[in-house]
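Presented below is the structure to which this report refers.
Numbering (the numbering used here), first residue to last: 1 to 178.
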């Protein structure tokens, strides 16, 4: 689904895979696989692709109706990134000037994210299962109803090293899907 949108937009902009590769910093072969839905981009890769195509990252995902303050459970449209392993669902409304990106995130068993750092803040509220959050040199284990608030400009990653899915409410600022 995302791949087709990327391909269609790239063609509409008369851009070659090579040109998109040079702007995004991603390989031509990877971009080709993404366009054919043979590979799923990470959040970071998708941000780079969106930048190369001159659109907001949110362009690639279903959007709630404009100026909607309430997101009903039946209006959520889960989607996947990170090679199709993590399931995301937007929880936030849609209105001008919003700065938070609240998401319901499900991490599969035995999942390990890459180390990342970026401007902003992250808030995690553990719903089900357990995760380990690595922040700089420290490791934190989060159990149901635990929460963590961190400056995301420090190196961090999240792991579900257990045999059951882990579900969290994740709030990020600035919004990473725009």
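Note that beta-carbon positions come from the ideal geometry of N, C-alpha and C, so glycine has one too.
(1) Given this structure, state the Cα-to-Cα distance separating residue 128 from residue 3, to the nearest angstrom.
(2) So, at 8 Å on beta carbons, what are the nonlocal neighbours of residue 165 in its own chain, with the 5 sequence-adjacent residues on each side left out?
(3) Can you tell me whether residue 55 is helix, strand or coil according to DSSP?
(4) Suppose contacts are defined by Cβ-Cβ distances below 8 Å. Is residue 17 in contact with residue 42 by that definition?
(5) Considering only DSSP beta bridges, list what residue 148 is partnered with.
(6) With 16 other CB atoms within 10 Å as the buried threshold, where does residue 168 fall?
(7) Verify whether the separation of the beta carbon atoms of residue 124 and residue 104 is less than 8 Å.
(8) Under DSSP, the alpha helix (DSSP H) around residue 10 begins and ends at which residues?
(9) In the DSSP assignment, find the beta strand (DSSP E) that holds residue 31 and state where it starts and stops.
(10) Count the other CB atoms, across all protein chains shown, that sit within 10 Å of the CB of residue 60; report buried if there are 16 or more and exposed otherwise.
(11) I need the straight-line Cα distance from residue 92 to residue 170, nearest angstrom please.
(12) Which word fits residue 20, buried or exposed, when buried means at least 16 other C-beta atoms lie within 10 angstroms of its C-beta?
Quick answer:
(1) Residue 128 sits at position 128 when you count from the first residue of the chain shown. Residue 3 sits at position 3 when you count from the first residue of the chain shown. Those two C-alpha atoms are separated by around 31 Å.
(2) Numbered from its first residue, the chain shown carries residue 165 at position 165. Result list for residue 165: 106, 107, 108, 109, 128 and 129, in chain order.
(3) On the chain shown, position 55 is the one that residue 55 refers to. Under the three-state reduction of DSSP, residue 55 is assigned to coil, being neither helix nor strand.
(4) As a position in the chain shown, residue 17 is number 17, starting the count at 1. As a position in the chain shown, residue 42 is number 42, starting the count at 1. When the beta-carbon positions are compared, residue 17 and residue 42 stay at least 8 Å from each other.
(5) As a first step, residue 148 is located in the chain shown; it is residue number 148 there, counting from the start. Note: residue 148 sits in a beta bridge opposite 124.
(6) Taking the first residue of the chain shown as 1, we reach residue 168 at position 168. Its Cβ being crowded by 16 or more others within 10 Å, residue 168 is buried.
(7) Locating residue 124 in the chain shown gives position 124, where the first residue counts as 1. Locating residue 104 in the chain shown gives position 104, where the first residue counts as 1. Not a contact, by the Cβ cut-off of 8 Å.
(8) By one-based count along the chain shown, residue 10 stands at place 10. Looking at the DSSP string, the run of the alpha helix (DSSP H) that includes residue 10 is 2-12.
(9) One-based indexing of the chain shown puts residue 31 at position 31. Per DSSP, residue 31 belongs to no beta strand (DSSP E); it is in the alpha helix (DSSP H), 28-35.
(10) Position 60 of the chain shown, counted from the start, is the residue given in the question as residue 60. Residue burial is scored here from C-beta neighbours: residue 60 has at least 16 other C-beta atoms within 10 angstroms and is therefore classed as buried.
(11) Here residue 92 corresponds to residue number 92 of the chain shown, with the count starting at 1. Here residue 170 corresponds to residue number 170 of the chain shown, with the count starting at 1. Going from the Cα of residue 92 to the Cα of residue 170 covers about 11 Å.
(12) If you number the chain shown from 1, residue 20 lands on position 20. With 16 or more other Cβ atoms within 10 Å, it is buried.
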